[in-house]
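Here the structure is laid out as structure tokens; the discussion comes afterwards.
In the UniProt record's numbering, the protein residues as written are 1 to 139.
This is the structure we're talking about:
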């Protein structure tokens, strides 16, 4: 729902879009028993092996203490495991377990379906422009 008093603000338009997308994706992830941030962690670990906790926190958009608590739960659930970094023994790397990879692949389908819904609202040029603009605003 738009509000005429707020319609002219970019920050309001972004917040409105975020709320809609966030609500939809969380509903899809709920059936897998996974938080949005846990899915982001699994996706990152699937494409980048041996990420440090600091790099992962930055990539998945959460602060390090929150990441540590979430990773503790994911380790308990058997989705990820920790390894001491080979290059710096003070750092901890995370890796998906086989169970974590299996769950992530199941979840990925729902996330891709969500993206298809969003893509369906835009033409090809709009998609590209929107992605570029959003990343430009986030830097």
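C-beta: ideal position from N, C-alpha, C; glycine also.
The three-state reading of DSSP puts residue 52 in strand, counting E and B together. Residue 19 carries a helical assignment under DSSP once its states are collapsed to helix, strand and coil.
The C-beta distance from residue 122 to residue 99 rounds to 36 Å, too long to meet the 8 Å contact threshold. Residue 37 sits away from residue 14, with the two beta carbons spaced by 8 Å or more. Rounded to the nearest angstrom, the gap between the Cα atoms of residue 67 and residue 75 is 12 Å. Rounded to the nearest whole angstrom, the C-alpha separation of residue 61 and residue 5 is 30 Å. Collapsing the DSSP output to three states places residue 117 in a helix.
The Cβ-Cβ distance between residue 101 and residue 46 falls below 8 Å.
Judged by beta-carbon spacing, residue 53 lies beyond the 8 Å limit of residue 65, meaning their Cβ atoms are not closer than that value. Pairing residue 50 with residue 85, the inter-Cα distance amounts to about 7 Å.
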